[in-house]
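When you read off a place in the sequence shown, starting at 1, and then add 1, the result is the number in my numbering.
Note that beta-carbon positions come from the ideal geometry of N, C-alpha and C, so glycine has one too.
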Amino acid sequence: MTCLRYANLLLIASCLIVTASGPGLSPAAPADAEEKYGYDDTPMLPGSPWRVHDRNRPQPEMITPGQAPGEPPSDAIVLFDGKDLSQWEGAGGEAIEDGAINVLKTKGLATKRAFGDCQLHLEWATPEKADGSPMNWGNSGIFFQGQYELQIIESHDIRIYADGIAGAIYGQFPPLVNPTRKPGQWQSFDVVFTAPRLEGEKVVAPARMTVLWNGVLVQYHQEVLGSTLHKTFPTYRSPAATGPLVIQQHNSAVRLRNIWIRPLDLK
Ligand code: MG
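Written out as structure tokens, the structure reads:
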């Protein structure tokens, strides 16, 4: 009953906030946004410095989401917006065709910045027709920290070995399902990458990836066994806290667009 009454009070409070936000007042920062609603007499959460419903617990930072799904939120670093390659090394303006990067016209791309934990959004399309060996149709890939590859390759009409199709952590783990679109169609990856945890040069916790491919979960908090290698077992060769995001150029005209990243500090 108390909870219901409190819920009603909150509803009234939020109505007041909505009412208060008129012209000249930002809806993102209502006049009484600093008011602390909550409790200071509730039990402590186990292993936490905070109480249940703690009124003093810090609020998450408020950011503005993109207008449409897939658009960058306000705190993202935009790595490619259709026109500007200044965040990257490995290509000039000639690599941009109709607002997309033609990977074949690059030497491979590497971000100028280094990233550790991060959230990445990237859209990609393989060529409509094979532009080389069928086994290499649409081959590219995203190397987190320049070392751990999330595979991009045509996986609708051709399927190579399971741990090498799109959405695979290459050479290690196939995607949970294959939600691919047809060759030439735009597809999306949304990735949460957790960097390996190190003590000195020793890996004390592996890198991990969670991947949504076209909005479908294909990797869930998957441990990465080590740096990506071909035809041999992966090992952590030169683990680091951060590294550049690298796009593989593998002799196929893969296109990329709408790339943004949010550096994270995951516990
Ligand atoms: Mg590849």
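Asked: From Phe81, Gln173, Pro135, residue whose alpha carbon lies closest to that of Val104; Found: Phe81
Asked: C-beta atoms of Arg56 and Asp41 nearer than 7 Å; Found: yes
Asked: Residue of Asp158, Gly185, Leu151 minimising C-alpha distance to Pro176; Found: Leu151
Asked: Phe190 versus Gln60: straight-line alpha-carbon distance, rounded; Found: 29 Å
Asked: Residue interval of the beta strand (DSSP E) (run including Thr229); Found: Neither: Thr229 is in no beta strand (DSSP E) and is coded neither H nor E.
Asked: Bridge partners - His122, DSSP secondary structure assignment; Found: Asp191, Trp261
Asked: Minimum C-alpha distance to Gly142 - residue among Ile153, Val192, Asp132; Found: Ile153
Asked: Nearest to Asp76 (by Cα), restricted to the options Asp85, Gly83, Lys84, Pro66; Found: Pro66
Asked: Lys84 - containing beta strand (DSSP E), residue span; Found: Run containing Lys84: none; DSSP gives neither H nor E here.
Asked: Gly91 vs Ala111 beta-carbon contact at 7 Å; Found: yes
Asked: Member of His222, Leu226, Lys183, Asn215 whose CA lies at the smallest distance from the CA of Val204; Found: Leu226
Asked: Close beta carbons around Arg182, own chain, < 6 Å, minus the five adjacent residues each side; Found: Gln188
Asked: Cβ neighbours of Val178 in the same chain (closer than 7 Å, five flanking residues each side left out); Found: Val217, Val219
Asked: Bridge partners - Glu90, DSSP secondary structure assignment; Found: Ala111
Asked: Near the ligand MG: Asn179 beta-carbon under 6 Å from a heavy atom; Found: no
Asked: Distance between beta carbons of Ser239 and Tyr149, contact taken as under 8 Å; Found: In fact, because the Cβ distance is near 12 Å, the residues do not count as touching under 8 Å.
Asked: Straight-line gap, His231 to Ala163 (C-alpha atoms, nearest Å); Found: 14 Å
Asked: Beta-carbon spacing of Gly109, Gln223 below 7 Å; Found: no
Asked: Closer than 7 Å to the ligand MG: residues, by C-beta to nearest heavy atom, in chain order; Found: Asn140, Ser141, Gly142, Glu150, Gln152, Ile153, Ile154, Tyr171, Gln249, His251
Asked: Inter-residue spacing [alpha-carbon to alpha-carbon] between Leu265 and Cys119; Found: 5 Å
Asked: Residue burial classification, Ala208 (beta-carbon count within 10 angstroms, cutoff 16); Found: buried
Asked: Other residues of its chain near Pro197: CB distance less than 6 Å, five sequence neighbours each side excluded; Found: Val204, Pro207, Ala208, Pro240
Asked: Cβ-heavy atom distance, Gly94 to the ligand NAP, below 6 Å; Found: Absence of the ligand NAP from the depicted structure is noted, with the ligand MG being the only ligands included.
Asked: Lys268 burial status per 10 Å Cβ neighbour count (16 or more: buried); Found: exposed
Asked: Closest residue to His1 among Val255, Ser253, Ala254, Leu246 (Cα-Cα distance); Found: Coverage of the chain is limited to positions 2 through 268, which leaves residue 1 absent and any answer about it impossible.
Asked: Rounded Cβ spacing between Pro128 and Ala254 (contact assumed at less than 8 Å); Found: 5 Å
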